[in-house]
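Working notes, beginning with the structure itself.
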Amino acid sequence: MEKDMRIAVRVTAMEKEKIQAKARKCGLSTTEYVKQRALGYEPRAVPPDALFTCLERLGELADKASSPELDEEIGVMLKQITAEFLLPGKG
Numbered sequence: 007m008e009k010d011m012r013i014a015v016r017v018t019a020m021e022k023e024k025i026q027a028k029a030r031k032c033g034l035s036t037t038e039y040v041k042q043r044a045l046g047y048e049p050r051a052v053p054p055d056a057l058f059t060c061l062e063r064l065g066e067l068a069d070k071a072s073s074p075e076l077d078e079e080i081g082v083m084l085k086q087i088t089a090e091f092l093l094p095g096k097g
């Protein structure tokens with residue numbers, strides 16, 4: 007889908023600073039942050055590297071799971087963590 011429409015919004019200097027700071031915290035451009043918020047999403051802050059290390063370790067454990075049930079439980083946990091900490095929430 008081609009993006010050919012533009013929306014301009016006027017804000018105060020303080021509002022601009024706040025929006026830019028929140029966008030940086032989420033690892034997004036100001037435009038993407040405002041667009042996600044306007045569409046009802048709640049972008050999440052960039053998680054610490056420790057979370058990715060834990061997710062990687064859980065993935066390794068899933069590969070070594072001794073039973074289909076354990077493998078399934080680990081898979082469910084990985085999906086929950088991803089949804090909770092990595093994907094933007096829908097308000």
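If you read the sequence shown in the numbering used here, its first letter stands for residue 7, the second for the next number, and so on.
From the three backbone atoms N, C-alpha and C, an ideal C-beta is built for every residue, glycine too.
(1) Could you tell me whether the region 53-63 touches the region 26-40, where touching means 3 or more Cβ pairs closer than 8 Å?
(2) Assuming L84 and G65 form a contact by the criterion Cβ under 8 Å, report the distance between their Cβ atoms to the nearest whole angstrom.
(3) Cβ of E38 within 8 Å of Cβ of G95?
(4) If you follow the alpha helix (DSSP H) that V40 is part of, which residue opens it and which one closes it?
(5) Check whether the Cβ atoms of Q26 and T36 sit closer than 8 Å, and answer yes or no.
(6) Nearest to F58 by CA position, among T88, I13, A71, is which residue?
(7) Put G65 into one of helix, strand or coil per three-state DSSP.
(8) Using only the alpha-carbon positions, how far apart do L76 and R50 sit?
Taking the coordinates as given:
(1) no
(2) By one-based count along the sequence shown, residue 84 stands at place 78. By one-based count along the sequence shown, residue 65 stands at place 59. Confirmed, Cβ separation roughly 7 Å.
(3) Residue mapping note: residue 38 aligns to position 32 of the sequence shown, counting from 1. Residue mapping note: residue 95 aligns to position 89 of the sequence shown, counting from 1. No, the Cβ-Cβ distance between E38 and G95 is not below 8 Å.
(4) Translated into positions along the sequence shown, residue 40 becomes position 34. 36-44 is the extent of the alpha helix (DSSP H) around V40.
(5) Mapped onto the sequence shown, residue 26 falls at position 20. Mapped onto the sequence shown, residue 36 falls at position 30. For Q26 and T36, yes; Cβs fall inside 8 Å.
(6) Walking along the sequence shown from the start, residue 58 turns up at place 52. The shortest Cα separation from F58 among T88, I13, A71 belongs to T88.
(7) Translated into the one-based positions of the sequence shown, residue 65 becomes position 59. If DSSP states are grouped into helix, strand and coil, G65 belongs with the helices.
(8) Residue mapping note: residue 76 aligns to position 70 of the sequence shown, counting from 1. Residue mapping note: residue 50 aligns to position 44 of the sequence shown, counting from 1. Using only the alpha carbons, I get a separation of about 29 Å.
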